[in-house]
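Worksheet: the structure to be examined is printed underneath.
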Amino acid sequence: MFLLNASEFIKGRLFFVSLNTDIKPKSTPSVHYFTIDTELNYDSFYLDFGPLNLAMLYHYCVKLRRKLSNPAFHNKKIVHYTGSDVQKRIIYLNYEPEQAYEVLNHDSTKDYLKFRDASIGEPYTLCLLDCLKAIKKALHFGFFNFDNFDFLEYEHYERVENGDFNWILPNKFIAFCGPHNRSKLDKGYPIHSPETYFAYFRRHKVTTIVRLNKKAYDSNRFVQAGFDHKDLYFVDGGTPTGLGRTGSLIACYIMKHYKFTAEEAIAWIRICRPGSIIGHQQSWLQEKQKLMWDLSGEVFRKKSGITGLPKHTVGIYSLSELNRKKSHDNVTGIVKKVDCMEINDPEEDAKRTV
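Numbering (the UniProt record's numbering), first residue to last: 1 to 354.
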């Protein structure tokens, strides 16, 4: 069994190793081996690769935490192993990003493959460190909290047949696929009418829909349902036209208000919504970083009297928040039904028929 590299994250307890073999190591009385190579996989759109989405990251962290706290493994070394495929050599643990990256690269005989975008042609890449920094900042600013995270909600609504949308920032931005005039299958691909989104958007207090692509539905259907609707049109050939517009604009907001680097903003958005931000949009965001930080962000905070960067108390896909909203919806539904109920007394009805 040829060892490509071994990284020790918790001294004498937790290790990450890369093996240049298809032979699966067998656990022993003193060592427990596990892998996620066939369990958590990135579903590419073209030639893009990674990072794994937020729900997969959650599943990995839960798995690792359970192993570390399992009494059966209390006296065992826990080894996360992966094969020689460079696309599989990824790990996340609650370290400082630079520290985790240094541990992973220590004595490694092969470099980690950089994540690449979904564009055709010369790829734009993100390194593992970009993703680790993005996760660290997102955690710091309260974008997510894995102790209060509804992975089922994420996994359900990210599916094309269920709406194809993802939260990016708590109570601020949802990125979703542009609606069409009616729900149908288009060459086997589900597309949705505006009405598909009404219930979820109302439940989560979405107020405004911003359309960035061509008109494929009547905006009045959102307006008549109580939403504001804006069209933000981009001239063809400019930036950030094409697929990836939504993520590019949200990335600008994140750079402005939270001082993420362009790479960190791109990484976070791709973790939330894989395939976001492609091609020249990525270089465009790098060019806009200083503007977002200085002329936009700092000037905005100074004029608004804001002394620090905002932090969220509730993250995206908050389990407690979702339960609260569902409970509120149930109560509201009952109240509405009571308001329109006619209460009939069987005895009184009988008297009327005599």
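Even glycine gets a Cβ: it sits at the ideal position worked out from N, Cα and C.
Asked                                                                                                                 : Found
DSSP state of glutamate 39 mapped onto helix, strand, coil                                                            : coil
Cα-Cα separation between phenylalanine 141 and valine 314, rounded to whole angstroms                                 : 10 angstroms
Segment contact, 8 angstroms Cβ cut-off, at least three pairs: the region 221 to 237 with the region 250 to 270       : no
Cβ neighbour criterion (16 or more within 10 Å) applied to lysine 205                                                 : exposed
Where the alpha helix (DSSP H) containing phenylalanine 198 begins and where it ends                                  : 195 to 203
Alpha carbon of cysteine 131 to alpha carbon of proline 51, nearest angstrom                                          : 8 angstroms
Classification of serine 276 by the beta-carbon crowding that lies within 10 angstroms, buried from 16 upward         : buried
Validate contact between the region 304 to 320 and the region 168 to 179 using beta carbons, cut 8 angstroms, 3 pairs : yes
Buried versus exposed, by CB contacts within 10 Å (16 or more), tyrosine 233                                          : exposed
Opposing strand residues paired with valine 31 [DSSP bridges]                                                         : Lys77
Endpoints, beta strand (DSSP E) assigned at tryptophan 167                                                            : 165 to 169
Inter-residue Cα distance where the pair is valine 331 and tyrosine 197                                               : Low confidence applies to valine 331: its pLDDT is 41, below 50, so where it sits in the model is not reliable, and the reading given next is rough at best. About 21 angstroms.
Glutamate 263, DSSP secondary structure in three states                                                               : helix
Serine 304 - containing alpha helix (DSSP H), residue span                                                            : 299 to 304
Status (buried if at least 16 other CB within 10 Å, exposed otherwise) for leucine 129                                : buried
Classification of lysine 110 by the beta-carbon crowding that lies within 10 angstroms, buried from 16 upward         : Reliability of the predicted coordinates at lysine 110 is poor, the pLDDT of 49 falling under 50, and no value is obtained from them.
Three-way DSSP call (helix, strand, coil) for tyrosine 189 in this model                                              : strand
Host alpha helix (DSSP H) of lysine 175 (start-end)                                                                   : For the record, residue 175 in the displayed sequence is alanine; it is not lysine. Segment 173 to 176 is the beta strand (DSSP E) holding alanine 175; no alpha helix (DSSP H) there.
Cβ contact check for the region 142 to 154 and the region 51 to 65: 3 or more pairs under 8 angstroms                 : yes
One or two residues paired with valine 210 in a DSSP bridge                                                           : Lys230
CA-to-CA distance, threonine 28 to aspartate 164, given in whole angstroms                                            : 44 angstroms
Sheet register partners of threonine 246 (DSSP bridge)                                                                : According to DSSP, threonine 246 bridges with nothing at all.
Of the residues Phe34, Thr82, Gly244 and Asn162, the one placed nearest leucine 68, counting alpha carbons only       : Phe34
Proximity to tyrosine 253 [Cα-Cα], best of Phe222, Lys288 and Asp228                                                  : Lys288
Contacting residues, own chain, Cβ-Cβ under 7 angstroms from histidine 156 (five flanking each side not counted)      : Asn162
Beta-carbon proximity check, histidine 180 vs alanine 216, cutoff 7 angstroms                                         : yes
Presumed contact (8 angstroms Cβ cut-off) between threonine 208 and lysine 172, rounded CB distance                   : Not quite, the Cβ-Cβ distance comes to about 11 angstroms (not below 8 angstroms), so this is no contact.
DSSP bridge partner residues for alanine 6 (one or two, in chain order)                                               : Val17
Distance, aspartate 228 Cα to residue 407 Cα                                                                          : Lying before the first or after the last residue shown, residue 407 is absent from the chain, which here runs from 1 to 354.
Rounded straight-line distance, which links the Cα of tyrosine 200 to that of arginine 324                            : 14 angstroms
Phenylalanine 307 versus alanine 138: straight-line alpha-carbon distance, rounded                                    : According to the sequence as given, residue 307 is threonine; it is not phenylalanine. The straight-line gap from Cα to Cα measures roughly 19 angstroms.
Whole-angstrom C-beta distance between lysine 259 and glycine 297, which should lie under 8 angstroms                 : 7 angstroms
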